[in-house]
Amino acid sequence: MAKLSNKEKMKIPRQAMPEQDSAVRRNNFEEVNLGFTEELAKMEALRCIQCPKPTCVSGCPVGVKIGDFISLVAEGEYLKAAEKIKEDNMLPAICGRVCPQEEQCEVKCIVGKKNEPVAIGRLERFVADFERQHVGIREPKLKSKTGKRVAIVGSGPAGLSCAGDLVQMGHDVTVFEALHELGGVLIYGIPEFRLPKEIVKAEVESLRKLGVDFQPNTVIGMSDTVDELLSDGYDAVFIAVGAGLPYFLNIKGENYNGVYSANEFLTRVNLMKAYKFPDYDTPVFHVKDKNIAVFGGGNTAMDAVRTSKRLGAKNAYIIYRRSDVEMPARKEEIHHAKEEGIEFIYLSNPLEFLGTADGWLNGVKLQKMELGEPDASGRRKPIPIPGSEYILDIDMAVVAIGNGSNPIIQKTTPDLTYTKWGNIIVDENTMKTSKEGVFAGGDIVTGGATVILAMGAGRKAAAAINEFLNCSN
Amino acid sequence: MYKIVSAEFIAPNVKKFIIEAPKIARKRQAGQFVIIRVNDNGERIPLTISDANINEGTITIIVQGIGKTTKELNDLESGEYIHDLVGPLGKPSHIEKFGTAISIGGGVGTAIAYPTAVALKQAGNYTISIIGGRSKDFVILEDEMNKVCDEVFVTTDDGSYGYPGFVTTKLQELIDAKRKIDLVLAIGPIPMMKAVAEVTRKYKIKTVVSLNPIMVDGTGMCGGCRATVDNKTVFVCVDGPEFDAHKVDFETLERRNRTYREDERLALETHTCKSETAVLKTANEL
Ligand SMILES: Cc1cc2nc3c(=O)[nH]c(=O)nc-3n(C[C@H](O)[C@H](O)[C@H](O)COP(=O)(O)OP(=O)(O)OC[C@H]3O[C@@H](n4cnc5c(N)ncnc54)[C@H](O)[C@@H]3O)c2cc1C
Ligand SMILES: Cc1cc2nc3c(=O)[nH]c(=O)nc-3n(C[C@H](O)[C@H](O)[C@H](O)COP(=O)(O)OP(=O)(O)OC[C@H]3O[C@@H](n4cnc5c(N)ncnc54)[C@H](O)[C@@H]3O)c2cc1C
Ligand code: SF4
Ligand code: SF4
Ligand code: FES
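If you read the sequences in order, they're chains V and A.
Take any residue in the first sequence, count from 1 to its spot, add 303: that is its number in our numbering.
Take any residue in the second sequence, count from 1 to its spot, add 1225: that is its number in our numbering.
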């Protein structure tokens, strides 16, 4: 193709990503987005004007060299593009799918000032998928063995990326995971239709090939404690246990049958494959033709409500106490949810769950809200409207109002320093905790955040651990 | 994969497994449990660590086959493997020198009460145990209890062995005989635990029960195991499984445990079908 001027480039419209039709996909668990074809990817890559001072990079928490990889895509050098991305991002197939690009890299794209921004996430996803499908994930060269051992607690994105870096630096790495599957929220939380589990498994497999030792079915704190890992010969420990303690609403009736936390509902469906019951043994509430309400407005709430639609819900509601403007979920997810027929009830707050005499949920008492002044989070605060209570008939409820930190590590490692919410306090640059040789990162430090931030924290920690190991001799 | 070192039925439908799990054997304390998954499509189910042998690196679990997963487990023989096994989970039993402690086990509950009875004895308590079963065949661990307890009473519902009647009948007798009782630990079916709690409530005898809600992860991540204790919500897998019997809302626990009743029936049917096809297959091959 002849070289295009920037003006010509600006005329190319943002390429849409093919996706499953909403009428079809609401009945299956297959991936919604189908990914760019080579033609679409090249065309989209041409839209990047290769800014000398690319502002997009400043929006990416790990500083992916966006312009460079996109220019390789435009040249059809997809494998080189993949290498370029991986200099900064270990999990591009995953981040390309689940990063909130519209608030990160893409919002900073210069093309976006006048037109729609370059579809950085979709290109990243295309490149990673191309590599995986054509040559498999390629293994980097390993440095010679250092003989140092590092224990990583938790196999979410923070743990996996830290493991990947450390093993390449020549250290022996063991990843301990409480569940029987590896991947953290990527496996048990985010549904198949947004992030196929095969992709997460491929990432784990490539780390295994590099020599990372995975120990699933191991709850650190209950089996070995962090102190015992250190005294058993590990030279450093990275704690990446995520934010895995579901908050409930603490209202009357919350223990009726049919009220779930999002963690439980999604774990049953994703990790335990309840959508394939009885081929898989774990059941979940019979959603078919029932009315389902999901409380909350984040990604977790969207995942839960869209899952319930796929299980056959008649009416599936998102019930959120603020308005659409304040909803924290990704725009793309909200848009997809609406297309799939999810009903959004804004400015409503649950007061009480109602149930039958034998203990099954059958309704919720809601109160209407109005927005007042902005609160500490900068969002306008919802204020109850007296006398506005009403009842909505529902058969199942999912509470998706966030997660706190799991107390097992805190109880068994009391000499780390924690915030009053139980998050581990670390040095922001090195991920060092108050305890010698112990590092932490990801959601256990920040509270529920994003995959890319967790990944970035894992890599920062790996660099600091490497330095610590090379000095501690 | 976790190797089964030995597997034998000790009562109808109740099988005792010794499984290789050296780390868990070293770590476990009385009252703790493991979560297992029999195979790759399997459900995660909690089972109490009934005993452990640190030298051999094994743990003992005792399983009553009541639904698909427990029956599938009980189909396994020594030399075979369990797909996933994680533990120890849950808080250990609270052990101190109370004085006289009565451990009551109903049915397979005796297997769950046993390790705590051992720990209570080791802490210097005078230990009594009351173990109940539907009939003689369903009484388990009588010899083991005899070895660790100062007194053992066996009751059967149908009177075919030991004292006729329920465990509560025997407990009431001991109370009526003005025996000094400082702690009662009751583990078994919910109606039995509820009945024991009602007996001891009147006399303000400290009573502990081990709750058996439906669990998924067993680490506090899902909240599926929540129960109401003292009008507050607890996560049984991390806050328990043992709680003050006089504060537990047994009704809520009972009805939450019924959540998947229809599915459990369906799953069990597919299990039975599979076993039947297996039988048919062998028949054809013969
Ligand atoms: C439903 C849902 C949807 C989401 N959607 C998005 C999205 O679209 N985009 C986005 O960027 N982010 C999303 N997030 C947030 C994102 O998934 C998290 O921020 C990220 O996974 C955090 O990574 P982590 O490595 O810190 O922890 P996690 O992914 O939580 O992994 C922690 C792991 O540690 C294990 N563990 C815990 N305790 C122990 C222990 N004591 N011993 C051993 N192992 C232990 C856990 O079992 C878990 O596997 C979503 C989150 C949820 C729940
Ligand atoms: C802490 C704890 C310790 C236990 N220890 C023992 C033990 O040592 N020996 C023993 O035989 N049993 C024990 N149980 C009970 C055992 O977990 C259940 O019998 C088993 O899960 C039933 O599964 P199933 O598929 O065979 O039966 P299903 O037909 O699926 O269920 C039968 C009943 O078992 C319960 N149940 C079902 N699924 C689960 C689950 N995932 N988690 C917990 N309960 C469930 C429900 O009450 C249900 O109604 C324990 C339970 C708990 C919570
Ligand atoms: S990692 Fe996420 S934020 Fe960074 S460039 Fe890729 S999609 Fe954008
Ligand atoms: S800001 Fe946009 S146009 Fe500029 S380099 Fe980044 S992606 Fe390309
Ligand atoms: S089983 Fe999930 S929190 Fe207890």
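Glycine residues also receive a C-beta, built at the ideal position from the N, C-alpha and C atoms.
Using 9 angstroms as the limit for Cβ to Cβ distance, is residue i near chain A?
| i | result |
| --- | --- |
| V:Ser526 | yes |
| V:Leu482 | yes |
| V:Lys576 | yes |
| V:Ile711 | yes |
| V:Phe580 | yes |
| V:Ala757 | no |
| V:Phe332 | no |
| V:Asp530 | no |
| V:Glu311 | no |
| V:Thr610 | no |
| V:Asn418 | no |
| V:Ile315 | no |
| V:Leu614 | no |
| V:Glu557 | yes |
| V:Tyr537 | no |
| V:Arg452 | no |
| V:Arg328 | no |
| V:Pro494 | no |
| V:His589 | yes |
| V:Thr715 | no |
| V:Tyr623 | no |
| V:Gly534 | A small fix is needed here, since residue 534 of chain V is Ser in this sequence, not Gly. No, V:Ser534 does not count as interfacial toward chain A. |
| V:Leu548 | yes |
Identify, in the order they occur along the chain, each residue of the same chain with its Cβ nearer than 6 angstroms to the Cβ of residue i, setting aside the five sequence neighbours on each side.
| i | result |
| --- | --- |
| V:Asn763 | Asn is not the amino acid found at residue 763 of chain V; the sequence shown has Lys there. Here the set comprises Met734. |
| V:Tyr563 | Val701 |
| V:His474 | Thr449, Lys451 and Val453 |
Give a yes or no on whether the minimum CB-CB distance between residue i and chain V is below 9 angstroms.
| i | result |
| --- | --- |
| A:Lys1506 | Here the model assigns A:Lys1506 a pLDDT of 42, short of 50, so the residue's position is not dependable and the matter cannot be decided. |
| A:Glu1476 | yes |
| A:Glu1510 | Confidence is the limiting factor: at A:Glu1510 the pLDDT is only 41, short of 50, which leaves the residue's position unreliable and the question unanswerable from this model. |
| A:Val1441 | yes |
| A:Met1446 | yes |
| A:Ile1249 | yes |
| A:Thr1283 | no |
| A:Leu1449 | Position check: residue 1449 of chain A holds Gly in this sequence, whereas Leu was assumed. At least one chain V Cβ lies under 9 angstroms of A:Gly1449. |
| A:Glu1245 | no |
| A:Lys1252 | yes |
| A:Lys1293 | yes |
| A:Ala1452 | yes |
Under 8 angstroms by Cβ, that's how I've got residue i and residue j pegged, so tell me the actual separation to the nearest angstrom.
| i | j | result |
| --- | --- | --- |
| A:Ile1261 | A:Leu1314 | With a Cβ gap of about 11 angstroms, A:Ile1261 and A:Leu1314 do not count as contacting. |
| A:Met1417 | A:Gly1331 | 4 angstroms |
| V:Cys465 | V:Gly761 | 4 angstroms |
| V:Leu569 | V:Gly492 | 5 angstroms |
Short of 7 angstroms in beta carbon distance, which residues of its chain neighbour residue i, apart from the five on each side in sequence? Order them along the chain.
| i | result |
| --- | --- |
| V:Ala344 | Val376, Leu426 and Phe429 |
| V:Pro689 | none |
| A:Lys1342 | The sequence given here has Ala at residue 1342 of chain A, not Lys. Taken in chain order, the residues that qualify are Ser1328, Thr1352, Ser1354, Met1370, Val1373 and Cys1374. |
| V:Asp718 | Lys738 |
| V:Tyr693 | Leu669 |
| A:Thr1453 | Asp1474 and Thr1477 |
| V:Leu614 | Tyr578, Val590 and Lys591 |
| A:Glu1245 | Tyr1227, Lys1228, Val1230, Gly1282 and Thr1283 |
Might you give, ordered along the chain, the residues of its own chain that have their beta carbon closer than 8 angstroms to the beta carbon of residue i, omitting 5 neighbours on each side?
| i | result |
| --- | --- |
| V:Met313 | Arg350, Ile352, Val414, Lys417 and Asn418 |
| A:Lys1240 | Ala1232, Glu1233, Phe1234, Ile1287, Val1288, Gly1290, Leu1298 and Asn1299 |
| V:Pro677 | Arg683 and Lys684 |
| V:Ile490 | Leu482, Glu484, Lys500, Val503, Asn573 and Leu574 |
| A:Ala1422 | Ala1411, Thr1432, Val1434, Ala1470, His1471, Val1473 and Phe1475 |
| V:Glu643 | Ser325, Arg328, Arg329, Arg609 and Lys612 |
With 9 angstroms as the limit, tell me which residues of the stretch 1480–1492 of chain A have their beta carbon closer than that to any beta carbon of chain V; keep them in chain order.
Arg1480, Arg1481, Arg1483, Thr1484, Tyr1485, Glu1487, Asp1488, Glu1489, Leu1491 and Ala1492
Please list, in chain order, the residues of the stretch 1259–1280 of chain A that have any C-beta partner in chain V closer than 8 angstroms.
Arg1262, Asn1266, Gly1267, Glu1268 and Arg1269
Suppose only complete runs of 3+ residues qualify. What are the beta strand (DSSP E) ranges in the stretch 1260–1326 of chain A, listed by chain order?
1270–1273, 1276–1278, 1283–1289 and 1309–1314
What residues from the stretch 1299–1315 of chain A come within 9 angstroms of chain V, judged by C-beta to C-beta, listed N to C?
His1308, Asp1309, Leu1310, Val1311, Gly1312, Pro1313, Leu1314 and Gly1315
Considering only residues of the stretch 648–697 of chain V, which uninterrupted beta strand (DSSP E) runs meet the minimum length of 3 residues and lie entirely inside it, listed in chain order?
651–658, 664–677, 683–687 and 693–696
Any C-beta of chain V within less than 8 angstroms: which residues of the stretch 1322–1351 of chain A qualify?
none
Taking 7 angstroms as the limit, tell me which residues put their C-beta closer than that to any heavy atom of ligand 7, in chain order.
Of the ligands one can find in the structure shown, namely ligand 1, ligand 2, ligand 3, ligand 4 and ligand 5, none is ligand 7.
Got a sec: which bits of the stretch 642–669 of chain V sit with their beta carbon under 9 angstroms from any beta carbon on chain A, in order along the chain?
Asp661, Gly662 and Trp663
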